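Read through the structure below, which is laid out as structure tokens, and then see the notes.
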Amino acid sequence: MAMERSEVEIVKPRNDKREYRRIVLPNSLEVCLISDPDTDKAAASMNVDVGSFCDPEGLEGLAHFLEHMLFYASEKYPVEDSYSKFIAEHGGTTNAFTSSENTNFFFDVNADCLEEALDRFAQFFIKPLMSADATIREIKAVDSEHQKNLLTDIWRMNQLEKHLSSKDHPYHKFSTGSWETLEVRPKAKGLDTRLELLKFYESNYSANLMQLVVYAKENLDVIQSLVESKFVAVNNISRNPFDFSGEPCSSEHLQILVKAVPIKDCHKLKIFWPITPGMHHYKEGPCGYLSHLIGHEGEGSLFSVLKELGWAISLGAGEEERSYAFSFFSTIIELTDAGQDHIEETVGLLFKYIKLLQDSGVQKWIFDELVAIREIGFHYKDKSRPIHYALDVALNMQLYPPEDWLVGSSVPSKFAPDTIQKILNELTSSNVRIFCQSNKFEGCTNLTEPWYGTHFAVEKLDTMTLEKWVAKAPAVNLSLPKANVFIPTDLSLKNFQEKVRYPRMLRKSAFSRLWYKPDTSFLTPKAHIIIDFNCPESKHSPEASVLTEMFTRLVMDYLNEYAYDADVAGLSYSIKHTDTGFEIICVGYNHKMRILLDMIISKIDDFDVRPDRFSVIKESLQKEYENYKFWPPYQQAMYYCSLLLQEISWPCNEELEVLQHLEPNHLLQFTPRLLGKTHLECYISGNIEPKEAESTVEHIEEVLFKSSKSLSKPLFPSQHATKRIVKLQDGLRYYHAVEGSNPNDENSSIVNYIQVHQDDIKMNVKLQLLALVAKQPAFHQLRSVEQLGYIALLMQRNDHGVHGLQFIIQSTVKDPSHLDARVNAFLGTFESTLYAMSDDEFKSNVNALIDLKLEKHKNLREEAAFFWKEIYNGTLLFDRKESEVAALRELKKEELVEFFNSHVKFDAPQRRNLSVQVYGGLHLMEYKHAIDNLPPGSCQITDIFSFKRSRPLYGSFKGGIGHMKL
Ligand SMILES: [Zn+2]
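In this text, residue positions in the sequence shown follow my numbering: the first is 12, and each later residue adds one.
This is the structure:
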């Protein structure tokens with residue numbers, strides 16, 4: 012077969028043992044082959060240089076709709092949904108998305124099953140079947156996706172920006188599509204959407220505009236012949252690439268201030284400029300340089316100044332598009348209430364900072380520092396899941412020459428001050444666009460964006476006005492950052508003699524326990540540290556819970572300027588409120604991790620309440636609680652489900668109520684109680700010697716417990732806080748019906764939960780296998796066939812070691828009681844599917860699950876998450892995977908059927924079922940009916956807390972026989 016094999020060498024990370032090859036098939040399809048003998052998963056990603064910008068006039072969303080349709084069936088595999096079913100049953104996942112200038116399809120699958128998966132996947136691009144019946148059903152899925160986006164501010168603001176741009180640039184268009192754009196309007200014009208769809212596919216999907224990545228465990232020659240045989244039939248019409256160059260904004264769209272009303276209560280200020288796309292200079296990295304400085308959070312930075320003024324909660328800066336055609340550079344600032352009253356000064360300060368950059372000139376040392384960080388980042392990048400890796404590379408293939416397919420723009424290699432200066436010169440007051448969203452604009456707008464209905468107003472600005480804003484900005488000390496001391500210089504690997512598979516307890520004292528696991532698999536100069544504070548005081552009341560949250564946020568707030576450099580240098584941390592206290596996590600290069608961790612501990616130790624910061628944090632937390640009512644209904648249903656199942660958890664409305672009355676002195680009095688009695692569970696893993704791990708914990712004990720001014724004392728054995736789960740009753744169907752919290756949201760939702768058992772190897776594997784077998788049929792039936800809604804899925808659920816299944820559906824089509832009925836009907840038909848399953852099919856599903864379990868951790872972070880879960884839950888089954896694989900090998904089909912019949916089937920005697928029903932704006936009549944009319948055999952929960960008090964609990968794993976001892 013004639014084929015081009017390129018001689019170019021693809022630049023790869025120093026430690027990357029995988030092999031790469033570029034080939035071009037005779038039909039001009041460009042392919043990147045990746046061979047990774049260590050991989051458990053194979054993956055592929057096809058990038059097509061056709062996106063929503065290519066939508067024909069009057070058929071908005073057609074490219075996106077086509078993306079949906081290709082999943083249905085092909086001439087070679089005509090059974091609807093058989094592609095997704097095959098992938099799901101062989102341990103994989105599939106997805107796709109449509110962007111402005113491209114559409115991407117991708118999947119992964121157990122490494123042994125690549126050939127058939129690839130054959131099915133290739134048919135998307137060879138001979139798809141788009142039946143009339145499927146077309147009409149799937150337009151509904153696209154519409155449901157739009158319904159889901161409709162009340163989401165990100166989508167609304169994004170469209171508003173497009174709306175205020177030139178009508179003749181494709182940027183202006185609505186991209187995702189709806190029933191209106193794909194059915195109603197085309198019909199009115201006499202168009203047949205399906206014919207248009209076929210026409211669009213045939214005239215645009217051409218092999219010369221596609222880039223394919225295949226990631227597999229075989230060697231390159233084998234992958235190559237596999238790819239040749241599957242993809243050579245992809246049609247090539249040598250279509251000219253699309254060209255979208257041209258400015259999306261003409262002068263009327265520049266120098267504008269747009270005031271928009273968001274759904275959620277927030278104030279966001281976005282200041283942006285059309286710029287020369289960074290892609291034109293990607294080796295010089297001008298936008299990376301500028302975003303590093305404008306987005307900096309250290310001392311003297313714009314953010315640090317805005318924070319000190321009490322105006323900003325967060326700030327981000329950078330280039331928005333990755334395109335050769337056009338681009339924007341933006342700065343997005345989340346404002347406080349006070350900041351909202353000073354928009355003009357805030358914009359003025361940004362221009363002052365830009366002026367500072369102009370005056371200081373481009374600094375070589377800053378560029379060099381950035382390059383050093385980015386280079387380390389590239390060479391020591393964690394391995395990611397093959398599906399994500401394949402996707403990233405495929406996206407890069409559209410943009411970069413082959414040698415840069417892996418590195419992309421991530422490591423600039425040429426210092427070009429003129430180029431940086433050129434982009435900096437484009438950030439001027441004459442071409443700025445300022446979009447501000449705030450509920451304070453309610454009632455002050457005169458315009459409505461047509462697709463999402465966002466209310467807004469536009470004011471034209473001029474250079475003089477903007478100069479005035481700069482003049483009235485407060486006089487503050489803005490400066491360039493200092494040299495970053497957190498850049499790791501010691502990247503050497505510790506020499507661990509033998510392979511260590513599991514963590515072990517390295518140290519135990521009255522104050523703490525240290526679990527330790529050296530890295531003998533990933534061989535990177537990184538570490539992962541978790542320090543979990545078990546603080547019984549944190550969960551006594553809604554007040555205690557909110558104060559613990561305030562405490563963690565304030566500590567992070569105080570550390571922000573100091574730790575920002577660490578974050579830039581690949582060393583990050585977080586302090587999170589947990590169910591039993593709070594935890595510190597440090598992740599990244601180990602070289603300077605200790606310095607950062609010691610600083611965090613000292614901030615905790617001399618914690619003080621700064622009233623100005625207290626009120627800023629309180630305000631933003633309060634908004635988060637208040638915005639709860641705008642959560643999508645499926646998230647509300649999930650929230651209620653957790654509230655019903657967890658022994659102790661405080662409802663949002665109670666927490667909001669107490670928060671409103673909190674003052675700094677409450678926190679001042681609370682913190683000594685919070686820290687006064689605590690126990691530390693520590694996990695240290697990675698490129699760290701046992702001695703260093705021990706000394707890290709010794710130091711923490713020294714500071715927190717042992718010095719003369721130490722606050723903390725160890726816990727009494729009676730005090731350890733644990734987490735327990737409510738046990739539902741056998742054979743009973745509970746339901747809890749509520750009205751959605753936002754009456755304008757037309758979506759309804761259910762979480763239909765089936766509680767099965769507490770952690771037990773044999774039961775676990777039955778549940779997992781059932782979920783694996785049922786997942787795809789559930790999705791196919793509930794979403795593709797019945798079109799109940801875009802979100803319609805079945806998944807496993809694990810609450811602190813209590814396992815079950817849950818169906819999650821969000822719908823405008825049907826009300827929750829109907830959705831429940833459809834779930835039960837699905838289980839009815841699934842029963843016969845299960846009975847009809849052949850022994851071979853059963854075996855193949857078992858093997859797929861075994862393969863999934865034997866999958867190795869990709870990186871330290873994944874490994875730490877796995878072991879930490881065992882420690883945190885108290886189950887301590889570090890060899891869980893091996894035990895479950897052994898149990899799976901023993902499992903018989905009859906046992907699975909028996910499991911289904913006794914725990915999952917609709918009328919099963921041991922079935923424990925809870926349905927949380929959230930009734931949206933379209934279904935309020937049905938809500939009244941649901942609370943007054945009890946379906947037979949079910950029990951309505953009207954009072955969540957009385958219900959919880961009346962139920963027994965599952966035991967905690969912390970303390971039971973064979974479990975962790977406290
Ligand atoms: Zn979609």
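Using N, Cα and C, we set each Cβ at its ideal position, and we do this for glycine too.
Note that the coordinates shown come from a computational prediction; the quantities given were computed from them, not determined experimentally.
Asked	Found
Beta-carbon proximity check, Phe467 vs Phe426, cutoff 7 Å	no
Where Pro920 falls, given that 16 or more other Cβ within 10 Å makes a residue buried	exposed
Where Trp416 falls: helix, strand or coil (DSSP)	coil
C-alpha gap between Ile286 and Phe340, whole angstroms	6 Å
Cβ contact check for the stretch 140 to 157 and the stretch 785 to 804: 3 or more pairs under 8 Å	yes
Counted within 10 angstroms of its Cβ, other Cβ atoms place Lys537 as buried (16 or more) or exposed	buried
Proximity test, Glu156 beta-carbon vs ligand 2 heavy atom, cut-off 6 Å	Ligands displayed in this structure: ligand 1; ligand 2 is not among them.
Three-state secondary structure assigned by DSSP to Lys614	helix
Of the listed residues Ile365, Ser315, Phe641 and Met290, nearest to Glu331 (C-alpha basis)	Met290
Phe522 classed as buried or exposed, judged by whether at least 16 other C-beta atoms fall within 10 angstroms	buried
Candidates Thr347, Thr840, Leu525 and Leu268: closest to Lys702 by CA position	Leu525
Beta-carbon contacts of Gly296 that lie in its chain and below 7 Å, excluding the five residues immediately before and after	Ser420 and Pro423
Completely contained alpha helix (DSSP H) runs for the stretch 176 to 258, where each covers 4 or more residues	196 to 199, 204 to 215 and 231 to 242
Inter-residue CB distance, Asn545 and Glu692 (contact presumed, cutoff 8 Å)	7 Å
Enclosing alpha helix (DSSP H) for Met408 [first to last residue]	Pro397 to Leu410
Boundaries of the beta strand (DSSP E) in which Tyr764 is found, first to last residue	Ser759 to Gln769
Member of Thr531, Phe625 and Ile541 whose CA lies at the smallest distance from the CA of Leu558	Phe625
Nearest candidate by alpha-carbon position, reference Glu229, set Ser653, Lys275, Lys294 and Asp51	Asp51
Environment of Val19 [buried if 16+ CB atoms lie within 10 Å]	exposed
Cβ-Cβ separation, Leu171 to Glu4 (assumed contact under 8 Å), whole Å	Only positions 12 to 977 of the chain appear in the structure, and residue 4 is not among them; the question remains open.
Segment contact flag, the stretch 39 to 56 with the stretch 232 to 246, C-beta cutoff 8 Å, min 3 pairs	yes
Distance between Tyr694 and Arg396 (C-alpha atoms, nearest Å)	24 Å
Boundaries (first-last residue) of the beta strand (DSSP E) holding Ser341	Ser338 to Leu346
Own chain, CB closer than 8 Å to Lys916, minus 5 neighbours either side, in chain order	Leu838, Glu842 and Arg922
Collapsed DSSP secondary structure at His811 in the structure displayed	coil
Cross-strand partners of Gln928 (DSSP beta bridge)	Ala748 and Ile761
Buried versus exposed call for Ser249 [16 or more other C-beta atoms within 10 Å across all chains shown]	exposed
For Met57, the three-state DSSP class (helix, strand or coil)	strand
Cβ contact check for the stretch 84 to 103 and the stretch 159 to 173: 3 or more pairs under 8 Å	no
Buried or exposed (CB count within 10 angstroms, at least 16 for buried), Thr146	buried
Alpha helix (DSSP H) runs wholly inside the stretch 630 to 686, at least 4 long, in chain order	644 to 656 and 663 to 671
Buried or exposed (CB count within 10 angstroms, at least 16 for buried), Phe877	exposed
Segment contact, 8 Å Cβ cut-off, at least three pairs: the stretch 73 to 88 with the stretch 204 to 223	yes
Sequence-distant residues of the same chain with beta carbon closer than 8 Å to Asp831, five excluded per side	Tyr746, Ile761, Asn763, Ser926 and Gln928
Distance CB(Asn121)-CB(Asp862) smaller than 7 Å	yes
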